[in-house]
Amino acid sequence: MISANGTSLLSRFVRNDKQAGLVMVVFGFLGFGAVNFPGTSAAYLAIAEFRIRLPLPHLDMTVSEWSQEGLLTLFFFIIGLDLRQEMATGFLKNPRNAVAPIFGAIGGVVLPVIMFMLINLSSPSTMGGWAIPTATDIAFSLTILSMVSSRTLPRLKAFLLTLATVDDVIGIILIAFVYSHPSSILPLLILCACLGIWFVASRMRASSSILLIFIAVGSWYAMLSAGIHPTLSGVAIGLLVPAKPLHEETTARAGRYRDLLSPLSALIALPIFAFFAMGIPLGDVGGSTLKRPLFLGIVVGLVIGKPLGVLIMTGLCGLAGFNIGGGTHLSDIVGVAQLCGIGFTVSFLISSLAFYDQNSIDLARLAVLVGSLLSCLLGSITIKIGDLRNASN
């Protein structure tokens, strides 16, 4: 049993994005170290590859897969709640403010694909990985932004939140229509029914927690059964939660749900996800490996194509009158665009779907790791330089 003081302490800790983000980053590097250290690699792989089977179709996954497709859904639910709140009372209340991040996301998908395909023209066998550098990892990118920026810029966070969410939705659509082959429309019909029931149940005067959990799990399972990455169900149900008080309530349910579940997301779901997502064995990495078109295409797509595509489209939106505003500077936008090159979750998933041989999958995952770390480093430096420059002015 956690005392009221303990719960308050956890809530204050989680509301400090830098502290909560640090937990995730530490666990990520622990996972990377564990899989590459001879004394712990065997134990790490045994845990990550241990299969947990439940007596239903599609529920036979490794611990690593459960962390990405199960636990991470909780974080995406928080993302959905944040977006819903922003659309109701924040930056996205004005639809014009959503134009720049949406088109930025589109640019951040198209240009990496072009760069990847140009680099892999001489390697038809790896051309199937063209979608790998298109995704932005919301969890890592938002965490890094909150950790490195000394200023609180709600509009900048909302911009990245919207852009990364649209980015992931595009990536998941690519998975659904390019790499997945749904055999039945029934799961999609069940998903729509679950979302409709959730919409009504979350607005009832006396909402049953058990009913809401049951509906949420049903939405997750329906999306998984449909061949779509199930974490998107978290965003979907989060967007359907009321963001304004109902039935003489003093606080909106979106805010209450967020306060209740944020500690679970920040201190359990995200650290465990990071621990397994960063567990990439380096193996026999040599100079020849780093010159292969598949590796170069992914790294260049993430580090150069991603931010360049975001900046080009955001700049065009700015010229058309759709600015971010809110005290943001060019260095902020450039830094956030570079953070969009942090791939991880969806990029890892596409890597496993795009290829059948394990060598290509491992090489693609290594490229995603390298490209993401470089994007993280460049984005952090750019944002820090901008912070120092603004502080001196």
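Just so we're aligned, residue 550 is where the sequence shown starts under the working numbering, counting upward by one. Backbone N, C-alpha and C fix where the C-beta goes; we use that ideal spot for every residue, glycine too.
Considering only C-alpha positions, which residue in the set Leu605, Arg600, Ile762 is nearest to Thr611? Arg600
Tell me the DSSP secondary structure of Thr611 in three-state form. Taken through DSSP and simplified to helix, strand or coil, Thr611 comes out as strand.
Inter-residue Cα distance where the pair is Gly767 and Ile930: 42 Å
Does Arg600 come out as helix, strand or coil in the three-state DSSP assignment? strand
Determine whether the beta carbon atoms of Ala684 and Val852 lie at a separation below 8 Å. The answer is no: Cβ separation not under 8 Å.
Gln907, buried or exposed, once every other Cβ within 10 Å from all chains shown has been counted against 16: exposed
Which parts of the segment 882-934 are runs of the beta strand (DSSP E), unbroken and 3 residues or longer, counting only runs that do not cross its ends? Runs of the beta strand (DSSP E) inside the segment 882-934: none found.
Closest to Leu902 by CA distance: which of Leu723, Leu760, Ile764, Trp769 is it? Leu723
Ala637 (DSSP reduced to helix, strand or coil): helix
I'd like the span of the alpha helix (DSSP H) that includes Pro650, first residue to last. 648-668
Whose CA, out of Ala680, Leu927, Gly619, Leu788, lies closest to the CA of Phe904? Ala680
Proximity winner among Phe897, Asp911, Pro650, Ile932, relative to Asp686 (alpha-carbon distances): Phe897
Distance CB(Gly854)-CB(Leu705) smaller than 8 Å: no
Which value, in whole angstroms, describes the spacing of the CA atoms of Cys925 and Phe824? 17 Å
For Ser613, does the count of other Cβ atoms within 10 angstroms reach 16, so buried, or fall short, so exposed? buried
Helix or strand or just coil, what does DSSP make of Ile847? helix
Are the beta-carbon atoms belonging to Leu912 and Ile829 less than 8 Å from one another? no
Please list the terminal residues of the continuous alpha helix (DSSP H) segment that includes Met696. 687-697
Between the CA atoms of Leu603 and Pro703 - distance to the nearest angstrom: 41 Å
So is Arg704 in contact with chain B if we call contact Cβ pairs under 8 Å? Although the question refers to chain B, the structure presented lacks it and comprises just one protein chain.
Assuming Val749 is part of the alpha helix (DSSP H), what are its boundary residues? Looking at the DSSP string, the run of the alpha helix (DSSP H) that includes Val749 is 735-750.
Output yes or no for whether 8 Å exceeds the beta carbon distance between Val885 and Ile668. no
Proximity below 8 Å, CB of Ile693 to CB of Ser814: no
Measuring only the C-alpha atoms, how far is Gly889 from Ser695? According to the sequence shown, residue 889 is Cys rather than Gly. Roughly 14 Å separates the two Cα atoms.
Can you name the start and end residues of the alpha helix (DSSP H) that Met862 belongs to? 855-868
Got a sec? Which residues, its chain only, sit under 6 Å from Phe748 by beta carbon, not counting five neighbours each side? Leu789
Do you know whose CA, among Phe576, Met666, Asn585, Ala707, lies nearest Phe844's CA? Met666
How close, in whole Å, do the beta carbons of Ala775 and Leu740 come, if the pair is a contact with beta carbons under 8 Å? 6 Å
Counting only the same chain and skipping the five closest in sequence on each side, list residues whose C-beta sits under 6 Å from that of Ser552. Note that Ser552 has pLDDT 46, beneath the 50 cutoff, so the model's placement of it is unreliable and the number below is only indicative. Correct list: empty, nothing qualifies.
Find the nearest neighbour of Cys866 within the set Asp609, Ser616, Leu630, Gly653, judged by alpha-carbon distance. Gly653
If I measure Cβ to Cβ from Leu761 and keep anything under 8 Å in the same chain, skipping five residues before and after, which residues do I get? Trp747, Ala750, Ser751
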